[in-house]
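S.K.: Dropping a structure here in structure tokens format, bear with me for questions.
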Amino acid sequence: MGFTRDKSCSHGPGRSSAGAIGIGVAAGVVAAVGMMFGRKAATTAKIGEGHPLKHRALDLASGVMQPKYPLDAMSTYLNGFHMYADEMGRQVEATHFCVHLRHDLHQCVIFDRNAPDARLIGIEYIISEERFRALPEDEKKLWHSHHYEVKSGVLAAPGIPDMAEHTYFDDLVTTYGKTFHTWQYDRDDFPYGVPQLMMGLTGDGQADEELVRRRDRRLGISTRHKRESRADIPMPEVASGANPWESGRTVQTRLEEMDFKW
792 MGFTRDKSCS HGPGRSSAGA IGIGVAAGVV AAVGMMFGRK AATTAKIGEG
842 HPLKHRALDL ASGVMQPKYP LDAMSTYLNG FHMYADEMGR QVEATHFCVH
892 LRHDLHQCVI FDRNAPDARL IGIEYIISEE RFRALPEDEK KLWHSHHYEV
942 KSGVLAAPGI PDMAEHTYFD DLVTTYGKTF HTWQYDRDDF PYGVPQLMMG
992 LTGDGQADEE LVRRRDRRLG ISTRHKRESR ADIPMPEVAS GANPWESGRT
1042 VQTRLEEMDF KW
């Protein structure tokens, strides 16, 4: 009754208060979404700091209302390190979120860390040894093995019980990855330039030990312990053609100007 009476009142809200009502509605949406969805809404709002209120409200609403099936399917969280295919001294931490798309293919998106405001830095495809051996020789130059990453403990699945992690890496040790980073975050605060081909470590003495120590402290894991616990995982023979940089020659992407084809 009160609402009906207010709507019909001759001195109800006019054009001068329309803006205030709009702001109030937007603020109400933000507050309501925040109350309904708690941590997710609060996190999204934090990422949107500095954006207009209406944009933040829309981001919050879409974040909880729209289905995102490819993202939901990425159930595996891996943490490791990549080096640029043409420079071992440039190593970066890489946080992977992966889905086992087919029996011989995983696909991963890569961030600089596992945080709400993490930077999207690249992608990786992971294939079986059988699939790798069947690749053309030129294609093999883009791929790296995972044998050392698994056996050394530098590749981890944080938060997973040791037994489950061991089982997972017992399968992953024979796989091969093709990785491109789209953001050289070790140099730039913006995703400049063309995607860069990345490789994985293949032997002792190659890893940036300080980088590994900082990762271990932050995630509460022990690379040494993981290495010891994986000692019983058989070391596979690396297929010919992978890890091309080990020969002293490598490949890398670059921009090339060419004629446009009509």
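Everything in the sequence shown is counted per our numbering, starting at 792 for the first residue and increasing by one.
Positions of the beta carbon are idealized from the N, C-alpha and C atoms, including for glycine.
What number of angstroms, rounded off, separates the C-alpha of Gly950 from the C-alpha of Met856?
M.R.: Distance between the alpha carbons of Gly950 and Met856: 28 Å.
S.K.: Just checking Ala906 against the ligand NAP - is the residue's beta carbon closer than 6 Å to any of the ligand's heavy atoms?
M.R.: The model depicted lacks the ligand NAP and carries no ligand whatsoever.
S.K.: Considering only their Cβ atoms, is the gap separating Asp999 from Gln882 smaller than 7 Å?
M.R.: yes
S.K.: Using CA coordinates, which residue listed in Val1003, Met879, Ser943 is at the minimum distance from Gly1039?
M.R.: Checked all of Val1003, Met879, Ser943; the closest Cα to Gly1039 is Met879.
S.K.: Would you call the CB atoms of Asn870 and Ala925 closer than 7 Å?
M.R.: It is not a contact, given that the beta carbons lie outside the stated cut-off.
S.K.: Can you confirm whether the stretch 953-963 touches the stretch 900-916 when touching is taken to mean that 3 or more C-beta pairs between the two stretches lie within less than 8 Å?
M.R.: no
S.K.: Let me know the secondary structure DSSP gives Lys931 once reduced to three states.
M.R.: Three-state DSSP puts Lys931 in a helix.
S.K.: For Thr958, name the three-state secondary structure that DSSP assigns.
M.R.: helix
S.K.: For Arg1006, count the other beta carbons within 10 Å of its own beta carbon; 16 or more makes it buried, fewer makes it exposed. Which is it?
M.R.: buried
S.K.: Identify, in the order they occur along the chain, each residue of the same chain with its Cβ nearer than 7 Å to the Cβ of Thr1041, setting aside the five sequence neighbours on each side.
M.R.: Ala876, Asp877, Pro1035
S.K.: Opposite Tyr967 in the DSSP bridges: which residues?
M.R.: Ile918, Ser936, per the DSSP bridge assignment.
S.K.: Along the beta strand (DSSP E) that carries Met1078, what are the first and last residues, could you check?
M.R.: In the structure as shown, the chain begins at 792 and stops at 1053. Residue 1078 is therefore absent and cannot be evaluated.
S.K.: First and last residue of the beta strand (DSSP E) that includes Thr886?
M.R.: Thr886: member of the beta strand (DSSP E) spanning 878-893, first to last residue.
S.K.: Could you tell me the alpha carbon to alpha carbon distance between Glu1037 and Ser943, rounded to whole angstroms?
M.R.: 18 Å
S.K.: Compare the C-alpha of Tyr939 against each of Gly991, Lys969, Asn905 and name the closest.
M.R.: Gly991
S.K.: Starting from Met856 and walking both ways along the beta strand (DSSP E), at which residues does that stretch end?
M.R.: Run containing Met856: none in the beta strand (DSSP E); it sits in the alpha helix (DSSP H), 844-856.
S.K.: Would you kindly report the start and end of the unbroken alpha helix (DSSP H) that includes Leu1002?
M.R.: 1000-1010
S.K.: How is Phe1051 classed by DSSP in three states: helix, strand or coil?
M.R.: The three-state reading of DSSP puts Phe1051 in coil, since its state is none of H, G, I, E or B.
S.K.: Just list the residues that DSSP pairs Gln987 with in beta bridges.
M.R.: Looking at the DSSP output, Gln987 bridges to His972.
S.K.: Who does Phe902 pair with in a DSSP beta bridge?
M.R.: Thr886, Leu911
S.K.: Can you tell me which of Pro843, Asp895, Met874 puts its alpha carbon nearest to the alpha carbon of Gln997?
M.R.: Taking only the C-alpha atoms, the option nearest Gln997 is Met874.
S.K.: Expressed to the nearest angstrom, what Euclidean distance is found between the alpha-carbon atoms of Met1026 and Leu896?
M.R.: Going from the Cα of Met1026 to the Cα of Leu896 covers about 21 Å.
S.K.: Kindly indicate which three-state DSSP category Leu926 falls into: helix, strand or coil?
M.R.: coil
S.K.: Could you give the C-beta distance for Val941 and Ile1012, rounded to a whole number, given that I count them as a contact under 8 Å?
M.R.: The pair is not a contact, with the Cβ atoms about 14 Å apart (cut-off 8 Å).
S.K.: So Met989 packs on Phe960, CB below 8 Å; how close in whole Å?
M.R.: Contact between Met989 and Phe960 does not hold, since their C-beta atoms are separated by about 20 Å, which reaches or exceeds 8 Å.
S.K.: To the nearest angstrom, how far is the alpha carbon of Trp974 from that of Trp1053?
M.R.: Using only the alpha carbons, I get a separation of about 31 Å.
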